[in-house]
Each structure stands twice: as C-alpha cells, then as structure tokens.
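Just so we're aligned, residue 658 is where the sequence shown starts under our numbering, counting upward by one. Virtual Cβ for every residue (Gly too), placed ideally from N, Cα, C. Take a look at the structure set out below.
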Amino acid sequence: MKTDIPIQVQRLNDSTLLCTYESGKTKMLHNSELYSEDCRQEYLEVEAQFAEQITPSEEPMNVRRQAAIRATHAEVERVLAPIRDAYPSSEIDSWPIQVNEARAYLADNAAVTPTIDAIVSDEDKRAFCEGLIAKADDYATQVGRTIAWRRAVHTFIGQASSQALNDFTPTFPILPGATNE
C-alpha cells in the first residue's frame, strides 16, 4: 500500500500543522494532550521532516476559514465515530426503517414490520422495539448536541479574527470564545 506523503506543511498555531499530501488531501495534525499519542507522534514526525519549510499560514481568510470548517467537521466525525464504528454501514442505513417499524409495531402490534421480523422472533419483538427506540433516541440526542456545537463553531469561524483562527483547534464540546467553567 502506497503511503500518502506530505508535500506542503503550514503552521496554524503552536500545536497545529496543516498538511497537504500528494493525493491532494489536507489534514490537520495536532500536538496536544487532547489527541491520541499516534496523532501527536505524526505531528512531531512531520514537524521534524519539514522544519526548514514550515511557514506560518498566510492564506487568505476564506481559505483559513474553510480549513477550520473542515477541521470542525473532522471533529464531529471523531465524536460520533465510537457510536458508528460499533455497527456496519448497512445496518446504520437501515436504522430509519427499523425505527419506523418499531414505532408502528408499538402503536399497533398488527403493523407490518418486515425488517424487524427478519431480525427477531415474535416473542422478542416488543422488547427489541422498545430497546431500539431508546437507542435511536439516545443517538439522536448525541447527534443533535454535536450538530448544535458544530453550528456554534461555524458561527465563531465566520466571525473570527486572523489570530483567533491561528489559535483555533476544534474540540468538542468546548465552544471557542466561551468561558467553559
């Protein structure tokens, strides 16, 4: 497997590098205790390899804002990954169908529920439907909180100064500019 090699590195702040790779992909690397040891190690390796070439970001504000938005989206995915990683994507794709069938069944046990019928037997059906709805509601709450955070961060990014963007690293659930006491 070919390794994607960094071709350009910009320092966004004291602990964040923006790397552009041969494939065209961009990635923010962080040297912070909030990130995994692997992430911090990759940061240190790239920083050492490109020490002479790293320049402070002098990109236009719109480019820097877009990079901050991409980093925010990556943080949203990181936050939701533990939930999503527990299931295959084909199962996740079926969640809306399962929830609709479960709600219909709990309202009327004669409702047609082909997906749920294929998953569980009749004697487990009510308990399965109740558990499914509870999990779906919990997931919806977590997604809702994450979307609310993302929207607030996007507002910050849209109004942020150049220095604020330089110092910015999206970290859920911290809101930039807010006092998080």
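Considering only the beta carbon of each residue, do residue 755 and residue 773 sit closer than 9 Å?
yes
Check for me: the alpha helix (DSSP H) holding residue 831 runs from which residue to which?
Neither: residue 831 is in no alpha helix (DSSP H) and is coded neither H nor E.
According to DSSP, residue 687 sits in a beta bridge with which residue or residues?
673
Report yes if the CB atom of residue 813 is closer than 9 Å to the CB atom of residue 789, and no otherwise.
no
According to DSSP, residues forming a beta bridge with residue 720
According to DSSP, residue 720 bridges with nothing at all.
Which first and last residues belong to the alpha helix (DSSP H) in which residue 707 is found?
Element bounds for residue 707: n/a, residue is neither H nor E.
CA nearest to the CA of residue 744, picked from 820, 796, 664
796
Considering only the alpha carbon of each residue, which of 793, 727, 721, 722 lies closest to residue 751?
793
Can you tell me whether residue 664 is helix, strand or coil according to DSSP?
strand
Tell me residue 678's beta-bridge partners as DSSP assigns them.
663
Could you check where the alpha helix (DSSP H) with residue 796 kicks off and where it finishes?
782-816
Using only the alpha-carbon positions, how far apart do residue 758 and residue 767 sit?
11 Å
Nearest CA to the CA of residue 692: which residue from 735, 782, 742, 770?
735
Can you tell me the Cα-Cα spacing of residue 663 and residue 682, whole angstroms?
9 Å
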